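Trainee: Attaching a single structure in structure tokens format; questions to follow.
Number of protein chains: 2
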Amino acid sequence: MPLADMLAVADKTGATVGASIAALPKIGPARDFGFPVHAYVEAHIEQGPRLEAAGDTIGIVTGIQGARWFAVEVTGSEAHAGTTPRAQRKDALMAALDGIQALRALMNDPDDQVRFTVGRMEVSPGSPNTVPGRVFYTIDFRHPDAATVQRLGDLVIPTLEAVAGSCAISVRETFTGPPVAFDSLVVDQVAAATQALGYSHHALPSGANHDAKFMARLCPTGMIFIPCLGGVSHNEAESATPDDCVAGARVLAETLLALAQS
Amino acid sequence: MPLADMLAVADKTGATVGASIAALPKIGPARDFGFPVHAYVEAHIEQGPRLEAAGDTIGIVTGIQGARWFAVEVTGSEAHAGTTPRAQRKDALMAALDGIQALRALMNDPDDQVRFTVGRMEVSPGSPNTVPGRVFYTIDFRHPDAATVQRLGDLVIPTLEAVAGSCAISVRETFTGPPVAFDSLVVDQVAAATQALGYSHHALPSGANHDAKFMARLCPTGMIFIPCLGGVSHNEAESATPDDCVAGARVLAETLLALAQS
Numbered sequence: 002m003p004l005a006d007m008l009a010v011a012d013k014t015g016a017t018v019g020a021s022i023a024a025l026p027k028i029g030p031a032r033d034f035g036f037p038v039h040a041y042v043e044a045h046i047e048q049g050p051r052l053e054a055a056g057d058t059i060g061i062v063t064g065i066q067g068a069r070w071f072a073v074e075v076t077g078s079e080a081h082a083g084t085t086p087r088a089q090r091k092d093a094l095m096a097a098l099d100g101i102q103a104l105r106a107l108m109n110d111p112d113d114q115v116r117f118t119v120g121r122m123e124v125s126p127g128s129p130n131t132v133p134g135r136v137f138y139t140i141d142f143r144h145p146d147a148a149t150v151q152r153l154g155d156l157v158i159p160t161l162e163a164v165a166g167s168c169a170i171s172v173r174e175t176f177t178g179p180p181v182a183f184d185s186l187v188v189d190q191v192a193a194a195t196q197a198l199g200y201s202h203h204a205l206p207s208g209a210n211h212d213a214k215f216m217a218r219l220c221p222t223g224m225i226f227i228p229c230l231g232g233v234s235h236n237e238a239e240s241a242t243p244d245d246c247v248a249g250a251r252v253l254a255e256t257l258l259a260l261a262q263s
Numbered sequence: 002m003p004l005a006d007m008l009a010v011a012d013k014t015g016a017t018v019g020a021s022i023a024a025l026p027k028i029g030p031a032r033d034f035g036f037p038v039h040a041y042v043e044a045h046i047e048q049g050p051r052l053e054a055a056g057d058t059i060g061i062v063t064g065i066q067g068a069r070w071f072a073v074e075v076t077g078s079e080a081h082a083g084t085t086p087r088a089q090r091k092d093a094l095m096a097a098l099d100g101i102q103a104l105r106a107l108m109n110d111p112d113d114q115v116r117f118t119v120g121r122m123e124v125s126p127g128s129p130n131t132v133p134g135r136v137f138y139t140i141d142f143r144h145p146d147a148a149t150v151q152r153l154g155d156l157v158i159p160t161l162e163a164v165a166g167s168c169a170i171s172v173r174e175t176f177t178g179p180p181v182a183f184d185s186l187v188v189d190q191v192a193a194a195t196q197a198l199g200y201s202h203h204a205l206p207s208g209a210n211h212d213a214k215f216m217a218r219l220c221p222t223g224m225i226f227i228p229c230l231g232g233v234s235h236n237e238a239e240s241a242t243p244d245d246c247v248a249g250a251r252v253l254a255e256t257l258l259a260l261a262q263s
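Residue numbers (our numbering), protein chains in the order written: chain A, 2 to 263; chain B, 2 to 263.
Given below as structure tokens:
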């Protein structure tokens, strides 16, 4: 449906989608709170396995990694699985696989900082004895470093085009979020508080998004992570120990006190 | 649903699925027609692109290739796409891709006789920012030679197991159909009629199944192919020229006459 048609859809009172959206209160990136904000500190479970794997109690969060998302459509030609020779196929699934394998090689950094995920894939027509004519899939790519997000993200389309073979590909970038680096004012205070309290720790970027990503536009911002069982998150199995929660709360309190006095 | 439960399902008259199936006329592989069958000859479009590619008018069909079908389930672990390092993922889609790529290498014969197709693939949970925890896909493998059908088919499971990595795989063979070789009595007569009429031709197995596959259990059997536009079949675009149809009908008539006199 074209956007204009969607905005013109009206309910039974005659209110359109477009007019209703326009009537919402404006929430811009720099809305005035009506009071000065000195700093923002957010405590959270890591939602990943790195602290647990390292045996550390506190994660000193340096920022939030950048992300670029893509939607890929591969178009080949449906054909009879029993009769069509390999050389004459335009197999959209095999072309999609070649593309994903090429991206895996591109994204395969030795220090395992790149996050590369194909989470959704739809193969059409989806019949066991028909060569697929169309494949749709998504790419979720993230990295803490802005230059790497730019460089590897810009290589996605040329990498896919180089291995498309006899199929056509179409790629849309559906989301572009540069990394956020937290202010050293807050990051350094979190580190100092952690060290003063004697907790084992290391510095890491956040893989997930948080309120801190948006608060960082308004004031010096930082985060404190504690470990979570198996790195599991957004799941009923999510779990953190009472001791780790206490450690995180103590670091938060010390950091806030220090920032209030700075 | 267990088979026994399904057979016990009754309609409102009390007739069960099981009893209704049992009451059907028996159609075994060697049902007596009530008259002797000397031979069976079937004319058909090729449903594939080989005759057209070779510029030949008549395909002398040597038999119907064998097929083995498999259903594969790959089980990994759902995880957050932004936070989970590559080394700690159990990505069912990447494991499935590794399996399919290994099978492609296995099935990649230089003479392009193997038919290897992954026609259906389902990726779960299908969220762009979740590492897939489960992938289901189908394999359609065919070849004219019985020993090759056996050998390559038997390698499917070990090949997949060798590259499953951190994921679990489960493979079921869902269909097993050995190749059918047509009787030389009929194949030779089709060849003789084609040569006598002066049509360009070559010998080939059928990639698709036909009535001839089942008639071959009862009597000497053969088939005659003519080209079809672009190899397209089971599609509104299916097309054969009047001249080729006439050629096929002439070869059929000559073959039937010769068989009747043999």
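Glycine included, C-beta positions come from ideal geometry on N, C-alpha and C. Here the structure is a predicted model, which means the values were calculated and not measured.
Can you give me the C-alpha to C-alpha distance between T195(B) and A88(A), rounded to a whole angstrom?
Mentor: Numbered from 1 along the second sequence, position 194 holds the residue referred to as residue 195(B). Numbered from 1 along the first sequence, position 87 holds the residue referred to as residue 88(A). Whole-angstrom Cα-Cα distance: 28 Å.
Trainee: Could you pull out every residue in the same chain whose Cβ sits closer than 8 Å to the Cβ of A241(B), ignoring the five residues on either side in sequence?
Mentor: Position 240 of the second sequence holds residue 241(B). Contacts found: I46, I227, P228, C229 and L230.
Trainee: Looking at chain B, is there any beta carbon in it that lies within less than 8 Å of the beta carbon of G208(A)?
Mentor: The count along the first sequence starts at 1 and reaches residue 208(A) at position 207. So yes, G208(A) belongs to the interface.
Trainee: Under 8 Å, do I61(A) and H235(A) count as touching if we go by C-beta distance?
Mentor: For the purposes of this step, residue 61(A) is taken as residue 60 along the first sequence, with counting starting at 1. For the purposes of this step, residue 235(A) is taken as residue 234 along the first sequence, with counting starting at 1. Cβ distance not < 8 Å, so I61(A) and H235(A) don't count as in contact.
Trainee: Can you list, in chain order, the residues of its chain whose CB lies under 8 Å from that of I1(A), leaving out five sequence neighbours each side?
Mentor: No information on residue 1(A) is available, as it lies outside the stretch 2 to 263 that chain A covers here.
Trainee: Quick one: what's got a C-beta closer than 8 Å to T63(B)'s C-beta in the same chain, skipping five residues either side?
Mentor: Indexing the second sequence from 1 puts residue 63(B) at position 62. Result list for T63(B): P145, A182, F183, V188, A204, L205 and P206, in chain order.
Trainee: Specify whether the region 109-123 of chain A and the region 244-255 of chain B touch according to this definition: at least 3 beta carbon pairs, one from each stretch, less than 8 Å apart.
Mentor: Result no; under three Cβ-Cβ pairs closer than 8 Å.
Trainee: State the Cα-Cα distance for the pair A147(B) and H81(A), rounded to the nearest angstrom.
Mentor: Position 146 of the second sequence holds residue 147(B). Position 80 of the first sequence holds residue 81(A). Using only the alpha carbons, I get a separation of about 21 Å.
Trainee: Give me the DSSP bridge partner(s) of S171(A).
Mentor: On the first sequence, position 170 is the one that residue 171(A) refers to. Answer is E74(A), bridged to S171(A).
Trainee: Report back the beta-carbon spacing between I158(B) and W70(B) to the nearest angstrom; my notes put them in contact at under 8 Å.
Mentor: Taking the first residue of the second sequence as 1, we reach residue 158(B) at position 157. Taking the first residue of the second sequence as 1, we reach residue 70(B) at position 69. So it is not a contact: roughly 13 Å between Cβ atoms.
Trainee: Compare the C-beta of H81(A) against all C-beta atoms of chain B and say whether one is closer than 8 Å.
Mentor: Counting from one through the first sequence, the residue named residue 81(A) turns up at place 80. Closer than 8 Å: yes.
Trainee: Just confirm the distance between the C-beta atoms of L98(B) and Q102(A), as a whole number of angstroms; I'd bet it's less than 8 Å.
Mentor: Start at 1 with the first residue of the second sequence, and residue 98(B) comes out as number 97. Start at 1 with the first residue of the first sequence, and residue 102(A) comes out as number 101. Contact flag correct, Cβ pair sits at about 7 Å.
Trainee: In the DSSP assignment, find the unbroken beta strand (DSSP E) run with T84(A) in it and report its ends.
Mentor: Within the first sequence, numbered from 1, the residue matching residue 84(A) stands at position 83. Segment: none, T84(A) is in no beta strand (DSSP E) and carries neither H nor E.
Trainee: DSSP on L25(B), reduced to helix/strand/coil?
Mentor: Residue mapping note: residue 25(B) aligns to position 24 of the second sequence, counting from 1. Residue state, collapsed to three classes: coil.
Trainee: Determine the burial state of G208(A): buried for a count of at least 16 other Cβ atoms within 10 Å of its Cβ, exposed for fewer.
Mentor: Within the first sequence, residue 208(A) is the residue found at index 207, counting from 1. Classification for G208(A): buried.
Trainee: Go ahead and label P26(B) buried or exposed: buried means 16 or more other beta carbons lie within 10 angstroms of its beta carbon, across all protein chains shown.
Mentor: Mapped onto the second sequence, residue 26(B) falls at position 25. By the 10 Å Cβ count, P26(B) comes out exposed.
Trainee: Pull up the distance between the alpha-carbon of V191(A) and that of P111(A), whole angstroms please.
Mentor: Position 190 of the first sequence, counted from the first residue, corresponds to residue 191(A). Position 110 of the first sequence, counted from the first residue, corresponds to residue 111(A). For V191(A) and P111(A), the distance between alpha carbons rounds to 29 Å.
Trainee: Find the residues of chain A that neighbour I158(B), judging by a C-beta separation of less than 8 Å, and give them in chain order.
Mentor: The sequence position of residue 158(B) within the second sequence is 157, counting from 1. By Cβ distance, chain A contributes nothing, its closest Cβ being about 17 Å from I158(B), past 8 Å.
Trainee: Measure the CB-CB distance between A213(A) and E43(A) and report whether it falls below 8 Å.
Mentor: Counted from its first residue, the first sequence places residue 213(A) at position 212. Counted from its first residue, the first sequence places residue 43(A) at position 42. Yes, these two residues count as a Cβ contact at 8 Å.
Trainee: Which residues of chain A have a Cβ atom closer than 9 Å to the Cβ of D245(B), listed in chain order?
Mentor: Locating residue 245(B) in the second sequence gives position 244, where the first residue counts as 1. Simply none; closest approach about 17 Å.
Trainee: At least one CB of chain A closer than 8 Å to the CB of I101(B): is that the case?
Mentor: Position 100 of the second sequence, counted from the start, is the residue given in the question as residue 101(B). Yes, contact with chain A.
Trainee: If you run the structure through DSSP and keep just helix, strand and coil, what is M95(B)?
Mentor: Position 94 of the second sequence, counted from the start, is the residue given in the question as residue 95(B). In the structure shown, M95(B) sits in a helix (DSSP, three-state: H, G or I).
Trainee: With 16 as the cutoff for other CB atoms within 10 Å, does V10(B) come out buried or exposed?
Mentor: One-based indexing of the second sequence puts residue 10(B) at position 9. By the neighbour-count rule (16 or more Cβ atoms within 10 Å), V10(B) is not buried but exposed.
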